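Residue numbers (the UniProt record's numbering): 1 to 660.
The block underneath contains the structure these notes are about, expressed in structure tokens.
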Amino acid sequence: MAPDERARANGATQLDDRQAEPDIAQGPLATETRDGTAQSVTSARTEGGADTYQEAPVPAQKASGSPPAPPSTPRFHKRLGPADYTRTLGDMKRRLRANLAFVVLMTCATNILVLAVPIYLFQISDRVFTSRSTDTLVMLTIVIGGAIVVQTLLDAVRRLVLMRSAVDVAARLGAPVLSAAAQASLHSNGREYQVLGDLGALRSFLVSGTLLSFLDVPFAPIFVLAVFLIHPHLGTIVVVTALLLMIFAWINQRITSDGFRRANIAQTKANLHLESMSRNSQIINAMAMIPEAVAIWGRDTAASLRAQTEAQDRNVFTASASRMFRLFTQIGMLGWGAYLALDGQLTGGMVIAASIVAGRALAPIEGAIEGWNSFLLARGAYDRVGHLLAGAKSRNDKLRLPKVEGRLDVERLLYVPQGTKHVVLNALTFSLAPGDQLAIIGNSGAGKTTLGKMLVGSILPTSGAVRLDLMDIRNWDPRQFGECIGYLPQDVQLFPGTIKQNIARMREDASDAEIHRAAALADVHEMIASLPQGYETVVAADGSPLSGGQKQRIGLARAFFGDPKFVVLDEPNSNLDTAGDAALVRALGHAKANGITVVVVTQKPSLLSAVDKIMLLADGNIAMFGWRDQMLAELERRKRPQAEQVQQRPGAAPLQGAPA
Ligand SMILES: Nc1ncnc2c1ncn2[C@@H]1O[C@H](COP(=O)(O)OP(=O)(O)OP(=O)(O)O)[C@@H](O)[C@H]1O
């Protein structure tokens, strides 16, 4: 099917959908669909039908028959290329495994060389004492000295490799984890950002002594075998002790894991609370909420500390018990070894050598027991990192539209927040042509902000689609989409940095001309120029030294940066004075002149005179939608006393949400 035909077919479906649309039909206009008022709104749509309901959404260039515009590379667009976080994690695992294989090799060599000291003792008691040869002693000492040097070097090398592996993990996974956390935070309260801390925990584990103990554990059987070779009785003592230590490790894990898990959960809650305290520090101070805020943090921290202490107590108990058993083993080895020596079955040197080798066999097992908790924490951290990356949507190298026009099509947009049955937006369908300016009005809670967020893709619909230039915004190259749109949220937050950086969306490659153009489009150049440091004014994390209105106007300039084709402004004048209001109206004029499609959520009537179309949202439904003048007339008419309306048109329901 040719694109034109497909577009027309889409348009036809839209029309059919609209005819069957329950929300519009059931809205305040439902009772009026047969009277003149309804017709006036419908005909307003028809007049504007080329871009709203009636006509097929034919791309402008096709409709006009003009040749397609030559592909041009938008100035700021940088193709991000494909990104597959699962593959990133897989690559990282492969690199880590290769490094660990090398470390295991080094560990193998160091563990064999560790046997040098007991062998030395063995040789001294068996050879030197019997032969009384100084030369043998010197030779033995030189060889053993060399072995110790090599062992020390190899041990250092394995630690260095582990350290670099840890840095490698942090460096390679840091950006993907942060990107995945930012992506995942779209659907939550932003707790995914904490996974970056998990990456830190993982890095710490990789350089910890616990990991070395774990790596040493597989060599314990070699040492046990060596003790067996010295004397089976001594070997048996070591094996029994090793088994006991493992039982202790198992018990330790069973009795501490729940406590440590609870401690972690409580600590995470305390950290989240701390974060929100730092964000709301002014409110907390102004309203003397410090004791309450501290108490909430204290409760979670105390719960964490309590659970941690409980688990640590048990951990200390099992660790002490296992250490005691190890000491008993040493005593047992020496005592039983002495008995065997008295019996003539062993020499004194062999007994001491056996004791050293036994110590070497049991040390990693004990280390693993002591470090079991940090191993569990690291494993939890690794699981969370893996889960986050596996859950992140892979970014494919997507088609980039050569020329963006700013046509908006919203199709049966439904939003029911996860875990609720509340229909916030109920199958909304409407369209805007490039350069159209739409004001969304409606009562508080009608769904205006939610719709605004959905139009810029910051929340995803339960079903339905938002299309920009006919393409579902989920299918856009995210970077190109971000550059083609502007968004001013209701609660404007600026980044710590200069005004210049904020307008330029923190880009380093933005030219002064582009920043000035955005400021001019938003009509804020004069306001910025009046600041003592102008564009170089440094804004703190809390937005100081700018006033609420100034922040809002800088946010407006940020929305207009980079010549966007579609801009959503959510109550852009909530903090503005009369002059700011006038500047905003001028900004809408500039946007109109530049063919920028604008959707503005507003409660104030002053902006309504500046837009082309008005939509009235009521409880997530489009109650009215049409050209400005007809909509204003209709809204005005509905403001008349209800009694009068009832007299004129019996059955008409009073309209909620009309601006005063
Ligand atoms: N994630 C969510 N979970 C539950 N309810 C939600 C969620 N998001 C929005 N809502 C609900 O949807 C309704 C619409 O909210 P929205 O913020 O869009 O209203 P609004 O029209 O912008 O209001 P206001 O003019 O006061 O800003 C509200 O009742 C709100 O509680």
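Ideal Cβ placement from N, Cα and C applies to all residues, glycine included.
Note that the structure is a prediction, hence the values are computed from the model and not measured.
For F481, the enclosing alpha helix (DSSP H) has its first and last residue at P478 to C484. Assignment of beta-bridge partners to R467 by DSSP yields D409 and D472. Within a 10 Å sphere around the beta-carbon of T152 sit fewer than 16 other beta-carbons, which makes this residue exposed. For K613, DSSP records a beta bridge to L438 and W627. Ligand 1 has a heavy atom closer than 7 Å to the beta-carbon of K448. Here the C-alpha atom of M246 lies approximately 38 Å from the C-alpha atom of P176. CA-to-CA, the gap between T136 and I365 works out to about 36 Å. A direct Cα-to-Cα measurement between R299 and L178 gives close to 29 Å. Per the coordinates, the alpha-carbon of A529 lies some 34 Å from the alpha-carbon of I614. Within the DSSP secondary-structure output, T597 pairs in a beta bridge with F566. DSSP places L494 outside both helix and strand once states are collapsed to three, so it counts as coil. By the neighbour-count criterion, in which 16 or more other beta carbons inside 10 Å mark a residue as buried, Y535 falls on the buried side. Between the C-alpha atoms of R384 and D198 there is a straight-line separation of about 7 Å. Burial is judged here by how many other beta carbons sit within 10 angstroms of a residue's own beta carbon; G419 has fewer than 16 and is exposed.
With a cut-off of 7 Å, the C-beta of H525 is classified as distant from ligand 1, since no heavy atom of the ligand falls inside that distance. The residue from A381, S511 and A591 with its alpha-carbon nearest to that of I485 is A591.
Sorting G497, D477 and I503 by C-alpha distance to the C-alpha of L488 places I503 at the top. Distance from the Cα of L196 is smallest, within the candidate group L635, I515 and L389, for L389. Look at L425 here: in three-state DSSP terms it is strand. Less than 8 Å separates the beta-carbon of G452 from that of V599.
For P221, the enclosing alpha helix (DSSP H) stretches over residues A220 to I230.
For N621, DSSP records a beta bridge to A618. S574 carries a coil assignment under DSSP once its states are collapsed to helix, strand and coil. Beta-bridge partners assigned by DSSP to Y85: none are found. Ligand 1 has no heavy atom closer than 7 Å to the beta-carbon of V599.
Distances taken from the Cβ of P417 to the heavy atoms of ligand 1 include one shorter than 7 Å. Contact annotation: V539 and P572 have beta-carbon atoms that are not nearer than 8 Å.
Going by beta carbons, Y415 and T462 fall inside the 8 Å limit. Distance from the C-beta of T420 to the nearest heavy atom of ligand 1 is below 7 Å. Distance from the CA atom of A220 to the CA atom of Y382, rounded to whole angstroms, is 27 Å. Between A358 and V238, the C-beta gap is smaller than 8 Å, which places the two residues in contact. Here the stretch 89-108 makes contact with the stretch 145-165; the two share three or more CB pairs at distances below 8 Å. According to the DSSP assignment, E536 belongs to no alpha helix (DSSP H), since it is labelled neither H nor E. DSSP places K551 in the uninterrupted alpha helix (DSSP H) bounded by G548 to A559. G335 places its beta carbon 8 Å or farther from that of S213. Between ligand 1 and the CB of V424, the shortest heavy atom gap is smaller than 7 Å.
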